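Chains as they are written, first to last, in our numbering: chain X, 1 to 426; chain S, 427 to 853.
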Amino acid sequence: MEIMENKTALNSRKAPNMRSRLTSGIVLIAIGLLIVLLFGLSLQAGMKSTFGLTPLDDKYVIPLPALVLPVQPAIYILALVSVFAGAWQLAHGTRSSTALVGVVAFCFISSFLIWATKGKSMDLVGTMNTSLVRATPIALAALCGVISERAAVVNIAIEGIMLVSAMTSVITATVAHNLYIGLLAGILTGMIIAALHAILVIQFRVDQIISGVAINIIGTGISSFISKRFMQANIDQLNNSGILPNIPIPFVVKIPVLGPVLFENNLIVYIMLILVAIIYVLLFNTPWGLRTRAVGEHPKAADTLGINVYLTRYVNVILGGLIAGIGGAYFTIGSVGRFEKLMTAGKGFIGLAAMIFGNWNPIGALGSSLIFGFADSLQVKMQILETPIPSEFLQMAPYIVTIIVLAGVVGRVHMPAADGTPYEKQ
Amino acid sequence: MKGKATKLHTESPLPKEALKIGGYRGPNSNILQTLLIPVLAVITSLIIGAIVVVISNKAAIESYQNFFHAPGAAIIATWDAIATAYGALFYGSFGNIKELIEGIKAYYAAGDTKPILLAIYPFTESLATVTPYILAGLAVAVGFKCGLFNIGAEGQFGIGALCSAFVGYSIKGLPLYVHLPLALLAGAAGGAIWGAIPGYLKGLTGAHEVVNTIMMNYISFRLSDWLLKGPMKATGYRPVTPVIENSAMLPRFFPDPLRFNWGFFLALAVTVFVYWFLFKTTIGFEIRTVGANPAGARYAGMSIVRNFVIAMTLSGALAGLAGATQVLGIDHWVGQGFSAGYGFDSIAIALLGQSHPVGVVLAALLWGTLRSGATRMQSLAGVPIEIISIIQGLVIVFVAAPAVIRWIYRIRAIRAEQIILTRGWGG
């Protein structure tokens with residue numbers, strides 16, 4: 001009896017798997033063919049692509065010779081790999097289709113890069129570093145989203161939080177002549193605004209998205225107002241802080257490729273990377289993480305077990321604000337040293353997309369932030385390389401991919417079950 | 427889909443919720459109580475705005491530093507700061523009655539129309555600004571009625587504007603009564619497509635419309651960047667479209683600097699249509715039912731997917747039409763960053779108007795006049811236009827959290843229908 005039940009359960013689970021295996025296999029093969037079609041066919045034989053592995057102005061790293069690839073064979077090999085991955089998926093199916101999708105995405109992007117740099121050269125390591133730097137605020141926004149949504153509070157106010165934090169951190173840093181005090185001010189601002197959001201949605205049970213929208217509007221308004229009214233006229237007194245220096249980490253910075261990409265950044269980039277690890281461990285390996293996830297999945301059950309649902313939500317939203325505050329500080333003291341109105345340019349919203357894309361998981365969020373950052377930095381390179389594809393389309397790609405992922409075409413995202421719903425104690 | 431269905435069933439205690447179908451508002455609610463919270467919200471926000479004006483006013487702050495020596499001076503300085511700012515705001519919104527009388531006198535004395543036109547300029551300009559706000563506010567309101575949060579009005583607005591501009595400048599030699607409707611329809615169609623995609627995805631896969639409309643916004647920004655730099659660029663340096671043909675322009679009522687046009691009355695007509703559609707047709711009833719209680723709607727045999735798609739398509743079409751009236755009536759060409767701000771403004775308007783078409787028109791009138799007056803306030807009183815955003819955000823907070831307003835003004839809670847606006851990420 002039991003075995004039969006198990007079997008039917010297995011079968012019912014297998015049926016949709018079979019179908020998704022078929023579709024994903026076909027999609028993967030199609031991508032392989034697309035590589036040939038888009039990049040492979042229009043090539044002259046004997047062209048070469050050069051990828052620089054050592055940044056030009058780097059004084060730490062052990063230099064490596066540039067990577068020179070023959071264009072045509074490289075692209076055909078990559079296409080073959082994706083077709084093979086698709087065929088493998090069709091024939092056998094695999095537990096981690098994410099890995100296969102990753103492989104094929106890698107093939108597609110690499111062949112695109114090889115095709116785009118044909119007959120020219122490109123600073124690959126530099127591009128990777130720029131991707132990481134540009135991904136930093138997105139990843140911080142995504143982490144803010146992860147930490148509050150794991151406790152079932154939707155926070156789309158991140159954009160507004162980051163704008164105001166960017167402003168306060170540059171003002172404080174300029175006035176105090178100390179960038180680290182500026183960073184602290186940004187963090188504090190983030191926490192205060194997040195606390196406001198928390199009070200509105202937890203205490204007053206305002207619709208979480210509406211509260212977020214309102215905070216975004218107020219944040220945009222306040223930061224632009226103060227910028228126009230005070231900061232534009234007094235740039236040197238209020239809006240000229242300088243930027244956090246790059247801190248090369250001894251020894252590891254010498255490692256080729258990895259060194260210049262990872263270990264030669266400013267403080268905020270390191271903080272972001274460390275936070276990803278910390279939050280991952282906290283969420284999945286500590287009592288706090290377990291409580292947070294319980295509150296996010298089934299607040300009533302959590303409450304029954306003696307977890308303070310409201311307190312957990314307050315703590316998580318405010319911690320999220322702390323992280324978004326760091327993200328805000330990145331825009332001013334971490335990159336340009338002055339505030340301009342609307343300078344976050346939607347990075348907070350993109351961070352939310354990265355969070356969903358990364359399946360509410362800190363590491364996933366970092367991964368998808370890197371994709372957004374990569375598309376962002378690539379777009380600049382593409383203009384230099386004079387590719388026929390308009391850079392706007394390249395910038396569009398991550399958004400389209402997010403929509404596709406969200407629609408469940410590639411894998412499925414699992415959000416916290418109680419996400420976005422207020423909790424009423426009975 | 428399967429998991430979603432069971433979730434919906436477990437979530438809704440039917441008998442209590444079923445009463446909400448069709449907008450039943452309960453015996454206690456009347457028009458005064460409906461208006462109370464929004465009006466108080468606006469007043470409170472304006473007061474907080476005034477405080478911000480005073481804090482940011484140098485003279486006022488300095489006078490407070492010796493408040494104990496000269497309290498009168500401090501109060502006068504405070505009053506001065508507020509009066510200058512809000513006086514300029516009012517003047518920028520409605521103009522000045524004295525100027526109007528002077529203008530009429532001048533007209534009768536010498537037949538000169540210039541002073542009178544100058545006097546009515548602020549007011550007509552406000553009405554011209556109101557036009558797209560009415561339509562965009564309706565767009566978000568229609569979404570709310572179906573339980574959908576269309577945060578993508580900005581993108582739909584931009585796409586609508588581009589489509590109508592394209593029809594406006596590329597087709598030549600048509601008469602006005604063919605060309606103008608065609609251009610308007612193109613705008614509505616563009617917005618409709620942009621709205622229908624998230625609606626369809628929401629219905630079919632449960633992908634949340636907030637994220638998808640945000641993504642569609644960014645796609646539309648990049649798309650319009652590209653279009654304005656390339657295929658749709660006018661000759662010259664600037665990334666703008668060519669000026670549309672005369673036959674595609676919404677006719678204006680007054681000579682040139684005054685931009686008040688037929689778009690305003692078109693928007694009012696559309697409002698009547700939306701009211702009729704939502705409250706007098708079967709589809710409108712279904713949309714409201716799905717919005718109020720999806721489980722009940724499903725029990726009644728209504729298709730959730732179909733209603734999501736219809737509501738989002740209509741919503742997008744309205745936002746697209748808003749963009750079209752802006753192009754065809756006011757700007758006559760499209761440039762970069764054209765739609766900036768309309769998305770959030772329209773959400774504020776829909777919330778303030780309690781998602782009712784009549785409320786939306788009233789809220790849009792308030793919003794448009796504030797926005798249009800703020801430009802004058804910036805130049806006359808030196809108060810940055812962004813103060814309006816602060817006031818706007820506060821209005822949303824207060825309208826969405828009536829408990830705060832009730833607490834401030836010590837109003838007893840009344841039992842009224844809670845408008846269900848969104849359902850978290852999952853749908």
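Glycine included, C-beta positions come from ideal geometry on N, C-alpha and C.
Only a predicted model underlies this, so the values are computations on that prediction, with no experimental measurement involved.
CB contact flag (residue i, residue j, <8 Å)
| i | j | result |
| --- | --- | --- |
| Gly518 (chain S) | Met803 (chain S) | yes |
| Ser121 (chain X) | Thr50 (chain X) | yes |
| Arg291 (chain X) | Leu283 (chain X) | no |
| Ile217 (chain X) | Gln818 (chain S) | yes |
| Leu684 (chain S) | Tyr547 (chain S) | yes |
| Val71 (chain X) | Ile114 (chain X) | yes |
| Gly348 (chain X) | Ile158 (chain X) | yes |
| Ala135 (chain X) | Gly320 (chain X) | no |
| Ala142 (chain X) | Ser369 (chain X) | yes |
| Val760 (chain S) | Thr667 (chain S) | yes |
| Asn234 (chain X) | Asn265 (chain X) | no |
| Gly621 (chain S) | Gly742 (chain S) | yes |
| Lys118 (chain X) | Leu43 (chain X) | yes |
| Asn316 (chain X) | Arg150 (chain X) | yes |
| Ala166 (chain X) | Ala324 (chain X) | no |
| Gly563 (chain S) | Ile775 (chain S) | yes |
| Ala152 (chain X) | Pro416 (chain X) | yes |
| Gly584 (chain S) | Gly689 (chain S) | no |
| Leu561 (chain S) | Ser650 (chain S) | no |
| Pro541 (chain S) | Ser224 (chain X) | no |
| Ala737 (chain S) | Gly625 (chain S) | yes |
| Gly529 (chain S) | Phe549 (chain S) | no |
| Ala618 (chain S) | Thr739 (chain S) | yes |
In DSSP terms, what residue i is bridged to
| i | result |
| --- | --- |
| Gly25 (chain X) | In DSSP, Gly25 (chain X) forms no bridge with anything. |
| Ile247 (chain X) | X:Asn265 |
| Thr50 (chain X) | X:Val68 and X:Ser121 |
| Asn687 (chain S) | S:Arg678 |
Candidates the options, of which the one nearest residue i by Cα
| i | options | result |
| --- | --- | --- |
| Ala500 (chain S) | S:Pro828, S:Thr510, S:Ile508 and S:Ile487 | S:Ile487 |
| Arg678 (chain S) | S:Ala726, S:Ile775, S:Gly755 and S:Ala591 | S:Gly755 |
| Leu378 (chain X) | X:Gly119, X:Val125, X:Ala74 and X:Ser82 | X:Val125 |
| Val556 (chain S) | S:Leu692, S:Arg836, S:Ser650 and S:Pro601 | S:Leu692 |
| Phe357 (chain X) | X:Val146, X:Leu196 and X:Thr220 | X:Val146 |
| Gly616 (chain S) | S:Ile477, S:Gln762, S:Ala745 and S:Ile481 | S:Ala745 |
| Ala214 (chain X) | X:Ile171, X:Val201 and X:Leu305 | X:Val201 |
| Pro388 (chain X) | X:Leu38, X:Leu22 and X:Pro422 | X:Leu38 |
| Ala800 (chain S) | S:Thr470, S:His495 and S:Ala514 | S:Ala514 |
| Gln89 (chain X) | X:Val104, X:Ile75 and X:Tyr76 | X:Val104 |
| Ala829 (chain S) | X:Ile235, X:Asp207 and X:Val154 | X:Asp207 |
| Ala827 (chain S) | S:Ser673, S:Ala535, S:Leu778 and S:Ala726 | S:Leu778 |
| Asp376 (chain X) | X:Pro137, X:Asn316 and X:Ser223 | X:Pro137 |
| Asn576 (chain S) | S:Ala536, S:Phe549 and S:Met641 | S:Met641 |
| Leu606 (chain S) | S:Gly578, S:Lys524, S:Asn672 and S:Val821 | S:Asn672 |
| Met162 (chain X) | X:Lys254, X:Ala79, X:Ile363 and X:Ile187 | X:Ile187 |
| Val257 (chain X) | X:Tyr399, X:Ile62 and X:Ile35 | X:Ile62 |
Nearest-angstrom Cβ-Cβ length linking residue i and residue j, presumed shorter than 8 Å
| i | j | result |
| --- | --- | --- |
| Leu239 (chain X) | Phe339 (chain X) | Strictly speaking, residue 239 (chain X) in this sequence is Asn, with Leu absent from that position. Indeed they touch by this definition, with Cβ atoms about 6 Å apart. |
| Ile508 (chain S) | Val479 (chain S) | 6 Å |
| Gly498 (chain S) | Val753 (chain S) | So it is not a contact: roughly 52 Å between Cβ atoms. |
| Arg838 (chain S) | Gln395 (chain X) | Actually they do not touch by this definition, with Cβ atoms about 52 Å apart. |
| Ile326 (chain X) | Ile271 (chain X) | 6 Å |
May I ask you to list, following chain order, the residues of the stretch 352-383 of chain X that have a beta carbon less than 9 Å from some beta carbon of chain S? Flagged, chain order: Leu352, Ala353 and Ile356.
Can you list, in chain order, the residues of the stretch 236-254 of chain X whose Cβ is nearer than 7 Å to any Cβ on chain S? So the list is empty, because no residue satisfies the distance condition.
Please list the residues of the stretch 764-795 of chain S that have a C-beta atom closer than 8 Å to any C-beta atom in chain X, keeping them in chain order. Listed by position along the chain: Phe770, Ile773, Ala774 and Leu777.
Along the stretch 797-820 of chain S, where does the CB come closer than 7 Å to a CB of chain X? Name the residues. Here the close residues are Pro810, Glu812, Ile813, Ser815, Ile816, Gln818, Gly819 and Leu820.
Residues of the stretch 467-494 of chain S with Cβ closer than 9 Å to any Cβ of chain X, in chain order: Those residues of the stretch 467-494 of chain S that come within reach of chain X (Cβ to Cβ, closer than 9 Å) are Val478 and Ser482.
For the stretch 569-585 of chain S, enumerate the residues whose C-beta is nearer than 9 Å to any C-beta of chain X, in chain order. If you check each beta-carbon in the stretch 569-585 of chain S against every beta-carbon of chain X, the ones closer than 9 Å belong to Phe575 and Ile577.
Return the residues of the stretch 612-631 of chain S that lie within a Cβ-Cβ distance of less than 9 Å from chain X, sorted by chain order. Considering only beta carbons, the part of the stretch 612-631 of chain S lying closer than 9 Å to chain X consists of Ile623, Pro624, Leu627, Leu630 and Thr631, in chain order.
What residues in the stretch 736-757 of chain S have a beta carbon less than 8 Å from any beta carbon of chain X? Along the stretch 736-757 of chain S, none of the residues has a CB nearer than 8 Å to a CB of chain X.
Taking beta-carbon pairs under 7 Å, can you tell me which members of the stretch 217-238 of chain X lie near chain S? Ile217, Ile218, Thr220, Gly221, Ile222, Ser224, Phe225, Lys228 and Arg229: these are the residues of the stretch 217-238 of chain X whose beta carbon lies less than 7 Å from some beta carbon of chain S, given in chain order.
Can you pull out the residues from the stretch 53-73 of chain X whose beta carbon lies closer than 7 Å to at least one beta carbon of chain S? From the stretch 53-73 of chain X, no residue has a Cβ closer than 7 Å to chain S.
Output needed in chain order: residues of the stretch 204-217 of chain X with a Cβ under 9 Å from some Cβ in chain S. So the close ones are Phe204, Arg205, Val206, Asp207, Gln208, Ile209, Ile210, Ser211, Val213, Ala214, Ile215, Asn216 and Ile217.
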